[in-house]
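Keeping their order, the protein sequence lines are chains A and B.
Basically this note's numbering = 1-based index in the first sequence + 960.
Basically this note's numbering = 1-based index in the second sequence + 28.
Worksheet: the structure to be examined is printed underneath.
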Amino acid sequence: MPKNPWIAAAVLMAPVVAFASSHREAPNISRYPTLDGTDLYLFNSYEAGRTGYVTILANYIPLQDPYGGPNYFALDQAGLYEIHIDNTGDAVEDLTFQFQFTNTLGNANAGAALSIGPAGSTKSVAVPLKNIGPVTAASQANLNFNETYTLTLVTGPARTGTATAITNAANGSSTFTRPMDYVGQKSFGTATAYAAYANQYVYSITVPGCNSPGRVFVGQRQESFPVNLGEVFDLVDFVPIEGDNNPVYNPAPAAPFPGGITQSAANNVLANKNITTLALELPAACLTGSGNGVIGAWTTASTRQARIFNASATFSKPEVNGGAWTYVSRLGMPLVNELVIGLPDKDAWNSSVPANDAYFLNYVTNPTLPALLNALFLAPVNATLGTTLTNLAPTNFPRNDLVTTFLTGFPGVNQLATVTPSEMLRLNTKIAAVPAAAQNPLGVLSGDVAGYPNGRRPGDDVTDISLRVVMGALCYPLPLGANGAATNLGLCTPAQAPVGNAAFTDGAPVSALNFAQTFPYLNTPLPGSPIGAL
Amino acid sequence: MRLMKLDWRYLAAASVAAALAGCGGDNETTVPTPPPPTAAQEAPFSVFVNTLFETPANGTPVDLTNDTFNYDVNDDPTAFSALLAEGTY
Chain A
961 MPKNPWIAAA VLMAPVVAFA SSHREAPNIS RYPTLDGTDL YLFNSYEAGR TGYVTILANY
1021 IPLQDPYGGP NYFALDQAGL YEIHIDNTGD AVEDLTFQFQ FTNTLGNANA GAALSIGPAG
1081 STKSVAVPLK NIGPVTAASQ ANLNFNETYT LTLVTGPART GTATAITNAA NGSSTFTRPM
1141 DYVGQKSFGT ATAYAAYANQ YVYSITVPGC NSPGRVFVGQ RQESFPVNLG EVFDLVDFVP
1201 IEGDNNPVYN PAPAAPFPGG ITQSAANNVL ANKNITTLAL ELPAACLTGS GNGVIGAWTT
1261 ASTRQARIFN ASATFSKPEV NGGAWTYVSR LGMPLVNELV IGLPDKDAWN SSVPANDAYF
1321 LNYVTNPTLP ALLNALFLAP VNATLGTTLT NLAPTNFPRN DLVTTFLTGF PGVNQLATVT
1381 PSEMLRLNTK IAAVPAAAQN PLGVLSGDVA GYPNGRRPGD DVTDISLRVV MGALCYPLPL
1441 GANGAATNLG LCTPAQAPVG NAAFTDGAPV SALNFAQTFP YLNTPLPGSP IGAL
Chain B
29 MRLMKLDWRY LAAASVAAAL AGCGGDNETT VPTPPPPTAA QEAPFSVFVN TLFETPANGT
89 PVDLTNDTFN YDVNDDPTAF SALLAEGTY
């Protein structure tokens, strides 16, 4: 490890890069979609009346087609889903929230059955569906499948700390229910009706050691991550610089880039997908401990290390699992494992912990994405603008601008009291939340310090922010001073980032106003039917 | 990655020693041919799995990077019946 702390920091990982958050991002986890973490959000609650609370949303099971019946998208009973919080800065969790799920069938786990056959000679035969009639907020009797979960708080390291059950504040129960996925409108009614059904499963919770209750919800939501996914991974099959004077993404007097992509909801190819969200809202004071008010968070999914398939599989025992919990999915800052970590190490990333991020050193100090973009677009840029640029990629190595953004946090903004370079999503709980209508999707780059990379809100366009940062946006002054005065961060210079002031974008816009403004913030999922509802 | 490393070479050596003890024959001066070096590196998969299942959930997972296995039960569908009978989902 280099003695220079900045170089040491650089050694540890730099998320950056844009595009598809964390959907099927690594070879191994793509085999286990129920354990695949896709996005993590961490922000000071901006729901009215919730000042002083922090919301954490962890999304799992990517690319859900709403019509994916008849089994839809239950979470993995053999999995351990965790949200880790570091409030001291040593890159080891101080608090961990653990979710574990249990599935049961209707009819006392025998499965709903019908009497089939001629009168007097019928046979009771189990039905093949998860619901056998309409389900409403008032009645769930027609559900033939129930998913429950427990929520545990571990204080100290996740595997050796003290575990205590989190309970329902209303009745003391330690078992919570997850609503069934939105099968369709014939089963659950309109989106309003489904929302009424699902909202019953937002629980007020008693958290050990916490004087005020929090809230929890687990359930299907509409995919919250907008991205031009297919074209991005097809060698960026568009010109990724704003092509007009969009007031948010490239406000005048900045020049539009000729032929550049423009903002359109049609560029978000995930708009017709659903996702599964594990949502927590907790008093900030219960998360920050004795630290400086900044917390770092990441989510993981684990399975027991050994799995034996049952040659005579049953609903209750298709397999047996044993051995130690083993991480198979990890997600803090968005997009890290997609385009920063090299293909040979993506699986290693998912099984690693922040304290060991030094292993990924070279991916941070010498990120490949800028070089790839340079290879793809240097000639077209010069041809379009009539310039003679020799390189689009920043040349400030090691990339301390990325280290600050993704590994250490910004001093005085979202840096923990102790700085241990490591990849996690960092939030200053003392920076006041900004109401949805006033949020800027470009977060800190636009002067909105309540947004990404100070935590992450649903309305933050992390793809565009990351693209711009990786191409050198922090080498230019940002509107972070009084009244938006330009401020030089001193991390690098414009000369080192020839296109760092360009309005990079994937053309898939997002806004906080696209989402609900109450917990759990993410929108009611899309129905699986009828066809015209999508 | 805080991973535990099991020394399967020790386990394999013990197995070889046990096998040798049982097939000494009449000629005590016979020196058996040692197994190929690669064989000594391989862990019997059935033993490995049974041992792995004994690791507590909050224990340390095993680093498999440099391990190779002797898949000794590939043709035995009942090899892990005991684990299936006792284990949980």
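The C-beta atom is built at its ideal place from N, Cα and C for all residues, glycine as well.
A quick note: this is a predicted structure, and the numbers were derived from the prediction, not measured.
Residue(s) in a DSSP beta bridge with residue i
{"i": "Gly1256(A)", "result": "Asp1046(A), Arg1386(A)"}
{"i": "Glu1241(A)", "result": "Thr1015(A), Arg1175(A)"}
{"i": "Ile1268(A)", "result": "Val1280(A)"}
{"i": "Gly1039(A)", "result": "Thr1263(A)"}
{"i": "Gln1456(A)", "result": "Answer is none; Gln1456(A) lacks a bridge partner."}
{"i": "Arg1290(A)", "result": "Thr1260(A)"}
{"i": "Thr1110(A)", "result": "Gln1060(A)"}
{"i": "Leu1438(A)", "result": "Thr1447(A)"}
{"i": "Gly997(A)", "result": "Tyr1020(A)"}
{"i": "Leu1002(A)", "result": "Ile1016(A), Arg1416(A)"}
{"i": "Phe1475(A)", "result": "BP columns for Phe1475(A) are empty, so no partner."}
{"i": "Leu1103(A)", "result": "Asn1091(A)"}
{"i": "Asn1234(A)", "result": "Gln1024(A), Gln1182(A)"}
{"i": "Thr1115(A)", "result": "Leu1055(A), Thr1122(A)"}
{"i": "Phe1217(A)", "result": "The partner list for Phe1217(A) (beta bridge, DSSP) is empty, contrary to what the question assumes."}
{"i": "Phe1136(A)", "result": "Tyr1109(A)"}
Through-space distance from residue j to residue i, alpha-carbon basis
{"i": "Ala1101(A)", "j": "Val1095(A)", "result": "7 Å"}
{"i": "Pro1354(A)", "j": "Leu1387(A)", "result": "27 Å"}
{"i": "Pro955(A)", "j": "Ser1276(A)", "result": "A question about residue 955(A) goes unanswered here, because the residues of chain A that appear run from 961 up to 1494."}
{"i": "Asn98(B)", "j": "Pro72(B)", "result": "5 Å"}
{"i": "Ala1273(A)", "j": "Tyr117(B)", "result": "11 Å"}
{"i": "Glu1053(A)", "j": "Asp1466(A)", "result": "34 Å"}
{"i": "Val101(B)", "j": "Thr1263(A)", "result": "24 Å"}
{"i": "Thr1137(A)", "j": "Gly1179(A)", "result": "9 Å"}
{"i": "Tyr1154(A)", "j": "Gly1249(A)", "result": "38 Å"}
{"i": "Thr1389(A)", "j": "Pro1213(A)", "result": "34 Å"}
{"i": "Glu1042(A)", "j": "Val1409(A)", "result": "27 Å"}
{"i": "Phe1217(A)", "j": "Thr1115(A)", "result": "51 Å"}
{"i": "Thr1480(A)", "j": "Asn1019(A)", "result": "The residue you asked about is not Thr; residue 1480(A) is Pro in the sequence shown. Approximately 12 Å between the Cα atoms of the pair."}
{"i": "Asp999(A)", "j": "Asp103(B)", "result": "42 Å"}
{"i": "Ser1164(A)", "j": "Ser1312(A)", "result": "33 Å"}
{"i": "Ala1442(A)", "j": "Leu1449(A)", "result": "14 Å"}
{"i": "Asn1228(A)", "j": "Leu1189(A)", "result": "7 Å"}
{"i": "Ala1257(A)", "j": "Thr1048(A)", "result": "12 Å"}
{"i": "Lys1146(A)", "j": "Ser1489(A)", "result": "8 Å"}
{"i": "Thr1135(A)", "j": "Gln1060(A)", "result": "10 Å"}
Residue interval of the beta strand (DSSP E) (run including residue i)
{"i": "Pro72(B)", "result": "70-72"}
{"i": "Thr96(B)", "result": "96-98"}
{"i": "Ala1125(A)", "result": "1122-1125"}
Span of the alpha helix (DSSP H) around residue i
{"i": "Leu1345(A)", "result": "1329-1345"}
{"i": "Ile1425(A)", "result": "1422-1430"}
{"i": "Asp1307(A)", "result": "1306-1310"}
{"i": "Tyr1323(A)", "result": "1321-1325"}
{"i": "Leu1299(A)", "result": "1296-1299"}
{"i": "Ser1224(A)", "result": "Counting along the chain, Ser1224(A) falls outside any alpha helix (DSSP H), and DSSP gives it neither H nor E."}
{"i": "Glu114(B)", "result": "109-114"}
Below-7 Å beta-carbon distance, residue i vs any chain B residue
{"i": "Arg1428(A)", "result": "no"}
{"i": "Val1280(A)", "result": "yes"}
{"i": "Arg991(A)", "result": "no"}
{"i": "Leu1065(A)", "result": "no"}
{"i": "Arg1119(A)", "result": "yes"}
{"i": "Trp1285(A)", "result": "yes"}
{"i": "Ala1271(A)", "result": "yes"}
{"i": "Thr1274(A)", "result": "no"}
{"i": "Gln1060(A)", "result": "no"}
{"i": "Gln1180(A)", "result": "no"}
{"i": "Gln1037(A)", "result": "yes"}
{"i": "Pro962(A)", "result": "Reliability fails at Pro962(A), whose pLDDT of 33 lies under 50, so the model's placement of it is uncertain and the value that follows must be treated cautiously. So no, Pro962(A) is outside the interface."}
{"i": "Gln1265(A)", "result": "yes"}
Residue-level contact to chain A via CB, residue i, 7 Å cutoff
{"i": "Glu99(B)", "result": "The question names Glu, but residue 99(B) in the sequence shown is Tyr. No, Tyr99(B) does not count as interfacial toward chain A."}
{"i": "Pro105(B)", "result": "yes"}
{"i": "Val75(B)", "result": "no"}
{"i": "Ala110(B)", "result": "no"}
{"i": "Asn86(B)", "result": "yes"}
{"i": "Gly50(B)", "result": "In this predicted model, Gly50(B) has a pLDDT of only 36, less than 50, meaning its place in the structure is not dependable enough to derive any value."}
{"i": "Pro72(B)", "result": "no"}
{"i": "Thr96(B)", "result": "no"}
Per-residue contacts from residue i into chain C (C-beta, under 8 Å)
{"i": "Ile1268(A)", "result": "Any reference to chain C falls outside this structure, whose protein chains are A and B."}
>> I'd like the ranges of any alpha helix (DSSP H) spanning at least 4 consecutive residues and lying wholly in the region 1064-1099 of chain A.
In response: 1066-1069
Let me know the beta strand (DSSP E) ranges lying completely inside the region 1138-1207 of chain A, each 3 residues or longer, listed in chain order. Along the region 1138-1207 of chain A, the beta strand (DSSP E) occurs as fully enclosed runs of 3 or more residues at 1163-1166, 1174-1182, listed in sequence order.
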